[in-house]
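In this text, residue positions in the sequence shown follow the working numbering: the first is 84, and each later residue adds one. One structure below.
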Amino acid sequence: KPDDEVNKLYIKYLCEEANNTNYTFTPEDEEALLEHANWDTIQNFMTKVRQPCHEMLLACYYGGHPHSCVTIFNPSLTDEGICCSFNKVKRDLIFRNPRDLSDLNVTFPAKVADWTPENGYPKGTPTGTLPWRPRGAGTHLGLTLLLDANIDDYYCSSTASVGFKFRLHNPVETPKVAEFGHTLSPGKEYRIAIRPIITNSSATLKGIPTNKRQCVFSNEKYLKFYRTYTQRNCALECEANYTLEVCQCVPYYLPKDANTTICGQKEENCTTGARRTIEMRLVDEFANTTIFTTNNDEYLQKPTCQCLPGCSELNYQITLSSARFGGTFPLSKEFIATTQRNETYFKRNVAIVHFYFMESQFFNYHKSELFGFTEFLSNTGGLLGLFLGFSFLSVVEAFYFISLRLWCSLIKKRNPQKPSILLTNANNINTVTPYPFTQ
Numbered sequence: 084k085p086d087d088e089v090n091k092l093y094i095k096y097l098c099e100e101a102n103n104t105n106y107t108f109t110p111e112d113e114e115a116l117l118e119h120a121n122w123d124t125i126q127n128f129m130t131k132v133r134q135p136c137h138e139m140l141l142a143c144y145y146g147g148h149p150h151s152c153v154t155i156f157n158p159s160l161t162d163e164g165i166c167c168s169f170n171k172v173k174r175d176l177i178f179r180n181p182r183d184l185s186d187l188n189v190t191f192p193a194k195v196a197d198w199t200p201e202n203g204y205p206k207g208t209p210t211g212t213l214p215w216r217p218r219g220a221g222t223h224l225g226l227t228l229l230l231d232a233n234i235d236d237y238y239c240s241s242t243a244s245v246g247f248k249f250r251l252h253n254p255v256e257t258p259k260v261a262e263f264g265h266t267l268s269p270g271k272e273y274r275i276a277i278r279p280i281i282t283n284s285s286a287t288l289k290g291i292p293t294n295k296r297q298c299v300f301s302n303e304k305y306l307k308f309y310r311t312y313t314q315r316n317c318a319l320e321c322e323a324n325y326t327l328e329v330c331q332c333v334p335y336y337l338p339k340d341a342n343t344t345i346c347g348q349k350e351e352n353c354t355t356g357a358r359r360t361i362e363m364r365l366v367d368e369f370a371n372t373t374i375f376t377t378n379n380d381e382y383l384q385k386p387t388c389q390c391l392p393g394c395s396e397l398n399y400q401i402t403l404s405s406a407r408f409g410g411t412f413p414l415s416k417e418f419i420a421t422t423q424r425n426e427t428y429f430k431r432n433v434a435i436v437h438f439y440f441m442e443s444q445f446f447n448y449h450k451s452e453l454f455g456f457t458e459f460l461s462n463t464g465g466l467l468g469l470f471l472g473f474s475f476l477s478v479v480e481a482f483y484f485i486s487l488r489l490w491c492s493l494i495k496k497r498n499p500q501k502p503s504i505l506l507t508n509a510n511n512i513n514t515v516t517p518y519p520f521t522q
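What follows is the structure, encoded as structure tokens:
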């Protein structure tokens with residue numbers, strides 16, 4: 084079948100990348116790959132070669148209760164292929180045109196809210212709405228997973244190790260797992276303590292130019308593909324636009340239009356250079372990186388992303404610890420019968436992972452003006468009064484005496500009033516002595 088032949092070419096390409104071998108593609112192979120360089124073909128291939136979520140996730144516990152892993156986890160497209168995501172919002176709440184990407188058979192265990200880092204949940208949102216809020220601190224109220232690596236099925240792995248990668252990210256973002264993910268090895272139990280880093284900003288910052296406050300409100304920068312502005316979404320969109328401009332194609336995991344060509348093996352050097360340029364420009368706007376296009380022409384134009392951090396952000400900081408399984412690891416007969424994995428297989432292929440929050444309350448970092456007009460007035464007046472015996476009240480008094488008081492005095496001199504004489508009847512005057520004892 085033509086599809087099977089294309090899938091074989093993709094596998095050869097992946098094995099070449101994994102083993103650093105030089106497989107020679109014939110002109111017919113390159114023509115076949117170019118002809119099928121579309122999202123439907125790529126998705127079909129990744130779906131066939133990936134480990135499904137229901138096979139990788141043996142058991143899931145959340146908030147102290149068992150849950151169906153297939154229900155609470157959904158397939159999600161990343162730079163490592165199709166991964167399994169937890170507590171992520173629907174794609175029509177992430178992308179502006181979600182129909183440009185075909186469905187990945189995503190289901191959700193509850194209603195999904197239009198949540199954003201800046202606005203939070205819509206008013207009146209029920210507690211059980213996705214994204215779920217943490218139910219408390221500690222492993223017993225967190226998320227516990229049993230992950231099966233199925234090592235015997237490894238073939239042309241993208242890394243030199245076996246196990247898993249994970250990435251904690253904002254519910255409205257698309258994570259980059261290949262370069263920024265954390266690794267987990269089978270045969271161990273992991274504890275991953277989470278501390279959220281929540282940042283919001285005062286509305287008064289909107290009056291300050293963006294280049295001075297160094298953050299962006301969600302309604303200040305429009306993204307073509309993403310509904311919500313975050314620095315990571317902006318960087319991914321900039322990478323997609325820049326790669327399309329340089330390489331005339333877009334990697335499969337980046338946002339794109341339905342008719343955009345998917346990059347293949349021929350564009351590997353070009354897409355790698357574009358990705359490196361974007362990452363460097365996020366750190367240094369003047370970074371100098373040379374990119375060679377598919378025609379081996381030097382491309383000197385640099386991207387102008389201007390992807391500043393969002394004024395309201397949600398990030399996570401983790402502390403990871405692990406320990407190997409003990410000599411004896413008791414498994415229930417029910418678990419062995421259900422999963423068909425014995426103790427030997429468990430120690431070799433399975434990892435136990437606990438995701439949990441360290442505290443029930445967290446600090447919220449708030450951005451606001453360090454010195455507004457009120458602070459400037461009070462601080463400056465206090466300092467002048469302290470060191471010089473002079474304050475802004477003294478300025479008001481000086482202004483009064485120099486202007487208003489002087490003006491009033493001049494008016495009085497120009498219009499002198501005639502003295503008024505009060506005539507009294509002497510007969511009606513009663514003399515009152517201040518000394519009663521003289522009366």
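Using N, Cα and C, we set each Cβ at its ideal position, and we do this for glycine too. Just so it is clear, the structure is predicted and the values come from calculations on it, not from any experiment.
- DSSP lists R407 as the bridge partner or partners of K271.
- With fewer than 16 other Cβ atoms inside 10 Å of its own Cβ, D340 counts as exposed.
- If you check the CB distance, G246 and R407 do not come in under 8 Å.
- Annotation: I361 to R424 spans about 45 Å, alpha carbon to alpha carbon.
- When rounded, the separation of the alpha-carbon atoms in N432 and T422 is 13 Å.
- For N432, the enclosing alpha helix (DSSP H) starts and ends at 426-432.
- In this structure, the beta-carbon distance from P386 to R364 falls below 8 Å.
- Rounded to whole angstroms, the gap between the alpha carbons of P392 and K430 is 43 Å.
- Close CB contacts of F418 within its chain, under the 7 Å cut and outside five residues either way in sequence, are absent.
- Assignment of beta-bridge partners to N398 by DSSP yields I280.
- Counting other Cβ atoms within 10 Å of its Cβ, P338 reaches 16 or more and is therefore classed as buried.
- Nearest to G147 by alpha-carbon distance, out of E88, T227, N90, K95, is T227.
- Apart from sequence neighbours up to five positions away, the residues of its chain that approach G211 with a beta-carbon distance below 7 Å are A193, ordered along the chain.
- Contact annotation, L397 with I281: C-beta distance approximately 6 Å; criterion of less than 8 Å satisfied.
- Note: H150 is bridge-paired with C143 in the DSSP secondary-structure output.
- The beta carbon of E452 sits closer than 8 Å to the beta carbons of S285, T287, L288, I291, E458 from its chain, once the five residues preceding and following it are set aside; these are given in chain order.
- Assigned with DSSP and collapsed to three states, K295 falls in helix.
- If you draw a straight line from the Cα of N170 to the Cα of D236, it comes to about 28 Å.
- From the listed residues S301, L224, R488, C321, the smallest Cα separation to I277 is found for L224.
- Put simply, the backbone Cα of Q389 is about 55 Å away from that of R488.
- Note on geometry: alpha-carbon atoms of V436 and E442 lie some 19 Å from one another.
- The shortest C-alpha to C-alpha distance from H449 to any of H137, C298, A220 is the one to C298.
- About 12 Å separates the beta carbons of V255 and L319, which is beyond the 8 Å limit, so they are not a contact pair.
- For Y439, the three-state secondary structure derived from DSSP is strand.
- Collapsing the DSSP output to three states places V333 in a strand.
- Going by beta carbons, N283 and S395 fall inside the 8 Å limit.
- Between L141 and D197 a beta carbon distance of about 33 Å is seen, past the 8 Å cut, so the two are scored as non-contacting.
- Taking C-alpha positions only, T344 is separated from V333 by approximately 6 Å.
- Of the residues assessed, T257 falls on the buried side of the cut-off, its CB having 16 or more other CB atoms within 10 angstroms.
- About 4 Å separates the beta carbon of N157 from that of V189, a gap short enough to meet the 8 Å contact definition.
- Put simply, the backbone Cα of Y483 is about 40 Å away from that of T293.
- In the three-state reduction of the DSSP assignment, T222 falls in the helix class.
- Between I155 and C143, the beta carbon gap of about 6 Å places them in contact (Cβ cut-off 8 Å).
- By the CB criterion at 8 Å, I165 and M129 fall inside the cutoff.
- In the three-state DSSP reduction, F249 falls in the strand class (E or B).
- The alpha-carbon separation between Q348 and T222 amounts to approximately 44 Å.
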